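To convert, take the position in the sequence shown, counting from 1, and add 512; that gives the working numbering.
Glycine included, C-beta positions come from ideal geometry on N, C-alpha and C.
As the structure is a prediction and not an experimental result, all values here were calculated from the model.
First comes the structure, then the notes that go with it.
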Amino acid sequence: MTWAELKSPNDLVDFINDNDICLVTFSATWCGPCKASKPKLKTMAESSSLPFGYVYESDLEDFLDAMILIKKFPTAVLYKSGEEVERIAGNDFPGLEKILTEQ
513 MTWAELKSPN DLVDFINDND ICLVTFSATW CGPCKASKPK LKTMAESSSL
563 PFGYVYESDL EDFLDAMILI KKFPTAVLYK SGEEVERIAG NDFPGLEKIL
613 TEQ
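The following block contains the structure:
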């Protein structure tokens with residue numbers, strides 16, 4: 513299990529580049545569904561070999577809008593070799609489970 517709280521754009525880029533495959537959840541401090549989903553995501557990370565990153569929009573500033581293009585919180589993005597390959601917006605845990613089992 514790897515669970516990383518990412519605190520800056522540099523942390524995010526390093527996490528994505530340092531892992532061949534990883535899942536990053538983009539969250540918002542003001543988002544109720546984000547707060548509700550975080551414990552479940554941590555539990556999923558415990559049983560997964562995939563590294564999980566978690567980052568708040570307030571820690572990314574303009575980087576979020578310019579580089580990641582998140583339209584809804586929470587959004588989970590699967591990266592392979594530094595490139596986005598899949599995205600799930602909202603608390604779609606069945607969809608997230610499907611992504612994880614396919615890896």
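Would you mind sorting Pro551 into buried or exposed? The rule is 16 or more other CB atoms within 10 Å of its CB. Under this definition Pro551 is an exposed residue.
Between the beta-carbon of Asn522 and the beta-carbon of Gly594, is there less than 8 Å? The answer is no: Cβ separation not under 8 Å.
Proximity to Gly602 [Cα-Cα], best of Ser549, Trp515, Asn531 and Ile533: Minimum Cα distance to Gly602 is reached at Ser549.
Does DSSP put Phe564 in a helix, a strand or coil? The answer is strand: DSSP assigns Phe564 an E or B state.
Please identify the residue among Lys610, Phe538 and Leu572 whose C-alpha is closest to the C-alpha of Phe564. The residue from Lys610, Phe538 and Leu572 with its alpha-carbon nearest to that of Phe564 is Phe538.
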